[in-house]
Amino acid sequence: MSFKRPRSSHVNSSSQTSAASSSTDRQFDGEARFVEGSILRITMKNFLTYDLSVLHPGPNLNMIVGANGTGKSSIVCAICLGLAGKTAILGRGDKVGLYVKRGCTKGFIEIELYKIGGNVVINREIHVENNQSHWMLNGRPSNQKTVEEEVKALHIQVSNLCQFLPQEKVGEFAKMSKIELLEATEKSVGPPEMYEYHCKLKNFRNKERELENAVKDKASFMEKAKQRHERNKLDVNRYYEKKRHLDVIELLKKKKPWVEYETTRKELEDVKRERDEAKRQLSALKQAQAPMLRKIQQIDDRLKPTDAQIKAKTTAIKDASNTCKQKQDQLDRKHKEIDDIKQTLKLKQTEEEDQQKRISYTRRTIDDLKTELAKVGDQPDVTPQINAINVELRSIQVERAKMEGVKADLRRERDNVFAESRALERKLNDMSNMMRAKEEKLRSRHRDTHSALQWLRQNKSLFVGNVYEPMMLMINVKDPLYAKYVESHIPFHDLRSFVFQRKDDMEKFMTEVRDKLNLKVNSISAPEESCSKKKPSLSIESLRRFGFYSYLREMFDAPDEVMSFLCNQYKVHDVPVGNDQTKALIKTVIEEPYLKVLYTTEERYTVKRSQYSKKMITSNSALNPSQYLNITVDAEGKQQLEQQMKASELKLRDIEERLKALQKEVAGLDRRDNELLAEKKHLSEVKGKKRQLEQKISTKQDSLRQMEHSVIDLSEIEKETKEKIAAVNSQKVSIVAEFMAQMKLRAKLTIQKVYLALDTVGLTEEKAKLENDCRAGVSELKSLDQKCQRLEQRKVQLTEQCKGLLKRGKSICRMQPNESLPEDLCNAFSKLPDTLDEIDAMLNEEQSRAECFTGLSESVVDEYDRREQEIKNLEKDLQDKSDALNTYRQSIAEAKERWLTPLKHLVEQINAKFSNFFRSMQCAGEVDLHTENEEEYDKYGIRIRVKFHSSSHLHELTAHHQSGGERSVSTMLYLMALQELNRCPFRVVDEINQGMDPVNERRVFDIVVRTACKETTSQYFFITPKLLQNLQYADEMTILFVHNGPHMLPPNQWDERAFIRRAMKRKAQA
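Numbered by this note's numbering, the letters in the sequence shown go through residues -6 to 1063 in order.
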């Protein structure tokens, strides 16, 4: 009994995608023929082209056939993404949300895999909003990592091109290196442990290199360490020789304080005996000199009071002398005071003479002024003339004030106009900067167009009609937010086009810039009849209920010819722009007639009608951010600003001319004003001279009266001066009397001092005689006393020195204060010299010998011992590394045996099948294991060599040597050679026969059918848009037809038996 698997599908209002599954009559015994991991069912909902579809593939060859665009590759995408594959494997969109059917918020994939003990059902729900997926595994929530582990356990590898070859990756198979092909083959058909052993071998080899380098480095380092060790041995021997000398030096230094102590102690005993003898002699001499010394002492006692009196007299004489000096100073000051009084009188006499001279001069001046006043009184009155001049001056001031008011108004007007001009200039500069920014974007994107623009600006006079720069410079959007709509609607090749009013101008331009300058530029001729004011098909008011708020034409400004071209070519007057409300109502909006292109906030929609079914076909795309037109420059505004600038300049020139004319008139008034003022001054001087003379006479008379009133009385002043001098002379008499008294006192004291000095001389002579008599005894006594003091001091010094030497000796020998010299030191000291000279000589000799051993320290011995221990550690470490290296080499040999032998056998099997396939096509091909060094396991690879022509040789399969069809044949046959080895549960190959010629395609198809339909092979998916006629098919094949269109039956209405009956009936009728 034949069994057919139906495919489910659901209805969609706009289109319906369906896949029909049919097979030749064959008997299924459950799922026994499926390999573990094979696909039993694929369910897709809102996925790419599918609304809802369920596929039930067969256990062997599944051929998926359908026209381009029906959804064959969508099934491949569903298999990949449903089994936790990455989007990069498919080579399509990089975000999983892009695989959801357009217009839907989420998509759904469910795949059922055959597994002994219970099938595995994987469910993936894809959300567009955040590109997230929700996973279900056997009906329970899961995550992608768990799904990946479950898929890996079934040996499914959607990232392996030997198992899963999507349409976009067919060309990459031939680009795979030999190493990549080997790894893909191991994962696909090799035993599970083969790839693991290969990875271990690569790791082992890396570790082996590390160990070899480590052993080599250790051995080299150890050899260098041994050499340094031998060199240091001589230094160690020299160090110990030096240490022996230093030990002797230390003993000598320890004994030297003890020898010094003993020598000093003996010297101390001698000094004590000598001191006692000197004390005895000093005592005997003192008893013999006692009477004479007592008499000398008596004279000293008498001399002391006399010396005191002499000192007192000397002090009194000094005080009297000081008093005399003070009185002399007082007399000098009185003399100076009398001189000052006389000088004051002389100054008063001089002042009186000067006063009389000034009075005489003032009287003569008054007489002269009276004479001049008499002459002035005879001249006529000039007051009427001055009044006339004042009237004329006031009229000039009024006229000047009027002119100054006019000038101030003109200056204010000029300042205002200048400020407006500067503001207009800044606005124009801002616009120019924005234009330069747009030009810079043009230059960076298309340098030839920018070069042509520069040429046009220099040669614009060559053209008759209007010539416009590239449209992207002439178009100014009214709001930067509108720029993305305009850029999306007008292609860049037109945005960079020059627009001409006349065709002959355009031809001339293209001849110059394209033919002569070799610049690649675009140019456009505007329509002869202007379309810039063309009305839209529908008013915008009628579309506001859908959220449309403007047509594209109203969003930007452009010259008439440019706008005419855009209306004619791109219908910008008929393209509405909407908002989010439009997006929400899009299904209703696209039903509106006359709407062919429309925009929402972030998308562009294009609506077409099928020429056959008259159904709506809608496509939409996301809007990209604006790159060129977001910089807006109002061209009309710029032109108005330039006109305003010109008007401001004309107005400024007019104001300046009027100011110059007013300035000339003001200068004439100033000249007349100066003339009148000079005349008025002269008349005023004539009129005011009499008054001035009268005032001067009055002033002089007042001054004369004041001077006569302040005359000095010299007789009175002379009388006062005489009285002052008499008073000062009286004071001088009293000072002289005091001075004479002090002089007499000083003379008396001096005489008394002389008598005392004579007494002192007599006593001193008597004392000198006595001292001369006992001088010899005193000298001897003094000498003995000094000797006693010196010996006492020496005894004290030697005592302290002995204590210090004893303390130093015990300190050097590290002894306690009360401890006696140890026996070992006594023995050591006994072998050394006993005198200081011998010890110093031996010490110098030993130090000289020790100094011969320079550059040596205890660190030499420490370094020697440390290196000796280091060499031992290095020898042990080297032995451990060598043992580890031998162990790794043994592990590598075992792993290599377990990996290489099965791998060679596997490659031989692949080669046998691959070669047989090529021989059946009258071609040649072989597969071998290739490596340049057997020990470099990361360099092993599979090499495919093919020959398609009898006259050529075998060539390695590469991405460049063979043609596309030859690469496709080689790829397909290599995959078929892997098919019967059957480790992976299924393989997918998408449209690999596209580049084959009919002969090769037929041959390859026969091989695929024969190989993939064997019972020993795994599941195989072969996707193709077309098939040759009269191909050979097998009963084990499952053919899946994919259809797409508005008249597809829903899956629940599909009746395969009814379809076959109708087909048989039509065949019988035919």
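Every residue gets a Cβ at the ideal spot worked out from N, C-alpha and C, and that includes glycine.
Where does residue 169 land, buried or exposed, given buried means 16+ other C-beta within 10 angstroms?
Here residue 169 refers to the residue found at position 176 when the sequence shown is read from its first residue. That one is buried.
Evaluate residue 1023 with the Cβ neighbour count: other Cβ atoms within 10 Å of its Cβ, from every protein chain shown; 16 or more gives buried, anything less gives exposed.
Counting from one through the sequence shown, the residue named residue 1023 turns up at place 1030. Exposed: under 16 other Cβ atoms inside 10 Å.
Verify whether the separation of the beta carbon atoms of residue 563 and residue 483 is less than 8 Å.
Taking the first residue of the sequence shown as position 1, residue 563 is located at position 570. Taking the first residue of the sequence shown as position 1, residue 483 is located at position 490. Yes; because the gap between Cβ atoms is below 8 Å, this pair is in contact.
May I ask you to list the residues that DSSP assigns as paired with residue 460?
On the sequence shown, residue 460 is found 467 positions in, with the first residue counted as 1. Paired residue(s): 493.
Could you pull the DSSP bridge partners for residue 1031 from this structure?
Translated into the one-based positions of the sequence shown, residue 1031 becomes position 1038. Residue 1031 is bridged to 55.
Bridge partners of residue 600, per DSSP?
Looking up residue 600 in the sequence shown gives position 607. For residue 600, which the question treats as bridged, DSSP gives the partners 611.
For residue 554 and residue 492, which I take to be in contact (beta-carbon distance under 8 Å), what is that distance rounded to the nearest angstrom?
Residue 554 sits at position 561 when you count from the first residue of the sequence shown. Residue 492 sits at position 499 when you count from the first residue of the sequence shown. About 6 Å; that satisfies the 8 Å criterion.
Give the secondary structure of residue 927 by DSSP, where H, G and I count as helix, E and B as strand, and everything else as coil.
Position 934 of the sequence shown, counted from the start, is the residue given in the question as residue 927. Looking at residue 927 - three-state DSSP - the assignment turns out to be coil, as it is neither helix nor strand.
When the Cα atoms are used, what is the spatial distance from residue 696 to residue 703?
For this step, residue 696 is matched to residue 703 along the sequence shown. For this step, residue 703 is matched to residue 710 along the sequence shown. Approximately 11 Å, taken between the alpha carbons.
Beta-carbon separation of residue 570 and residue 545 under 8 Å?
What you label residue 570 is simply residue 577 of the sequence shown in a count that begins at 1. What you label residue 545 is simply residue 552 of the sequence shown in a count that begins at 1. Going by C-beta atoms, residue 570 is nearer than 8 Å to residue 545.
Please state if the CB of residue 632 and the CB of residue 417 are separated by a distance shorter than 8 Å.
The residue you call residue 417 lines up with position 424 of the sequence shown. The residue you call residue 632 lines up with position 639 of the sequence shown. Cβ distance not < 8 Å, so residue 417 and residue 632 don't count as in contact.
Residue 64 and residue 904 - do their beta-carbons sit closer together than 8 Å?
Taking the sequence shown and counting its residues from 1, one reaches residue 904 at position 911. Taking the sequence shown and counting its residues from 1, one reaches residue 64 at position 71. Contact: no.
To the nearest angstrom, report how far apart residue 21 and residue 89 are at their CA atoms.
Start at 1 with the first residue of the sequence shown, and residue 21 comes out as number 28. Start at 1 with the first residue of the sequence shown, and residue 89 comes out as number 96. Since pLDDT at residue 21 reaches only 39, below the 50 mark, its modelled position is unreliable, and no value is offered.
What does the alpha-carbon distance come out to for the pair residue 1006 and residue 1047?
Stepping through the sequence shown from its first residue, residue 1006 is reached at position 1013. Stepping through the sequence shown from its first residue, residue 1047 is reached at position 1054. Distance between the alpha carbons of residue 1006 and residue 1047 is about 28 Å.
Considering only residues of the same chain and omitting the five flanking positions on each side of residue 320, which have a CB-CB separation below 6 Å?
Counting from one through the sequence shown, the residue named residue 320 turns up at place 327. Excluding sequence neighbours, residue 320 sits near 728, 731 and 732.
Do you know how far the Cα of residue 998 is from the Cα of residue 955?
The residue labelled residue 955 in the question sits at position 962 within the sequence shown. The residue labelled residue 998 in the question sits at position 1005 within the sequence shown. Cα to Cα, the separation comes out at about 20 Å.
Per DSSP, which residues does residue 128 bridge with? Please list them.
As a position in the sequence shown, residue 128 is number 135, starting the count at 1. Per DSSP, 117 and 135.
Between 327, 218, 817 and 358, which has its C-alpha nearest residue 248's C-alpha?
To locate residue 248, count along the sequence shown from 1; it is residue 255. Out of 327, 218, 817 and 358, 817 has the C-alpha closest to the C-alpha of residue 248.
Are residue 619 and residue 597 close, meaning C-beta to C-beta below 8 Å?
Translated into the one-based positions of the sequence shown, residue 619 becomes position 626. Translated into the one-based positions of the sequence shown, residue 597 becomes position 604. No, the Cβ-Cβ distance between residue 619 and residue 597 is not below 8 Å.
Enumerate in chain order the residues of its own chain whose CB-to-CB distance from residue 527 is below 7 Å, with the five nearest sequence positions on each side excluded.
Taking the first residue of the sequence shown as 1, we reach residue 527 at position 534. Closer than 7 Å at Cβ, skipping near neighbours: 560 and 566.
Jot down the residue ranges of each uninterrupted beta strand (DSSP E) in the segment 568 to 595, minimum 3 residues, whole runs only, in chain order.
590 to 592, all fully within the segment 568 to 595.
Taking the alpha carbon of residue 877 as the reference point, which residue from 472, 204, 219 and 144 has its own alpha carbon closest?
Here the question's residue 877 lines up with position 884 in the sequence shown. The candidate whose alpha carbon is nearest that of residue 877 is 204.
Secondary structure at residue 83, three-state DSSP: helix, strand or coil?
If you number the sequence shown from 1, residue 83 lands on position 90. In the structure shown, residue 83 sits in a helix (DSSP, three-state: H, G or I).
Quick one, are the C-beta atoms of residue 577 and residue 468 less than 8 Å apart?
The sequence position of residue 577 within the sequence shown is 584, counting from 1. The sequence position of residue 468 within the sequence shown is 475, counting from 1. Against a cut-off of 8 Å, the Cβ pair of residue 468 and residue 577 comes out as no contact.
Going by CA-CA distance only, name the one from 648, 378, 237 and 588 that's closest to residue 405.
Looking up residue 405 in the sequence shown gives position 412. Selected option, being the one with the closest Cα: 648.
Mark residue 73 as exposed unless 16 or more other C-beta atoms lie within 10 angstroms of its C-beta, in which case mark it buried.
Residue 73 sits at position 80 when you count from the first residue of the sequence shown. Burial call: buried.
Cutting at 8 Å between CB atoms, please list the residues of its own chain near residue 1061, excluding the five before and the five after it.
Translated into the one-based positions of the sequence shown, residue 1061 becomes position 1068. Taken in chain order, the list of residues that qualify is empty.
Is the beta carbon of residue 180 closer than 8 Å to that of residue 153?
Locating residue 153 in the sequence shown gives position 160, where the first residue counts as 1. Locating residue 180 in the sequence shown gives position 187, where the first residue counts as 1. For residue 153 and residue 180, yes; Cβs fall inside 8 Å.
Could you pull the DSSP bridge partners for residue 1064 from this structure?
Given a span of -6 to 1063 for the chain in the structure shown, any question on residue 1064 remains unanswerable.
The beta strand (DSSP E) that contains residue 34, what's its start and end?
Numbered from 1 along the sequence shown, position 41 holds the residue referred to as residue 34. Here the beta strand (DSSP E) through residue 34 covers 32 to 40.
Determine contact between the segment 1010 to 1028 and the segment 53 to 62, defined as no fewer than three beta-carbon pairs at a distance below 8 Å.
Contact between the segment 1010 to 1028 and the segment 53 to 62 is present, because at least three Cβ pairs lie under 8 Å.
Does the distance from the CB of residue 441 to the CB of residue 512 come in under 8 Å?
Along the sequence shown, read from residue 1 onward, the residue named residue 441 stands at position 448. Along the sequence shown, read from residue 1 onward, the residue named residue 512 stands at position 519. Yes, Cβ-Cβ distance for residue 441 and residue 512 is below 8 Å.
Of all the beta strand (DSSP E) runs that stay within the bounds of the segment 990 to 1020, which reach a length of 3 or more residues?
Fully enclosed beta strand (DSSP E) runs of 3 or longer: 1012 to 1017.
Can you tell me the Cα-Cα spacing of residue 308 and residue 274, whole angstroms?
The residue labelled residue 308 in the question sits at position 315 within the sequence shown. The residue labelled residue 274 in the question sits at position 281 within the sequence shown. The alpha-carbon atoms of residue 308 and residue 274 are separated by roughly 48 Å.
Tell me the rounded alpha-carbon separation between residue 486 and residue 515.
Within the sequence shown, numbered from 1, the residue matching residue 486 stands at position 493. Within the sequence shown, numbered from 1, the residue matching residue 515 stands at position 522. Their Cα atoms are separated by approximately 7 Å.
Report yes if the CB atom of residue 33 is closer than 8 Å to the CB atom of residue 112, and no otherwise.
Walking along the sequence shown from the start, residue 33 turns up at place 40. Walking along the sequence shown from the start, residue 112 turns up at place 119. Their beta carbons are under 8 Å apart, which means residue 33 touches residue 112 by this criterion.
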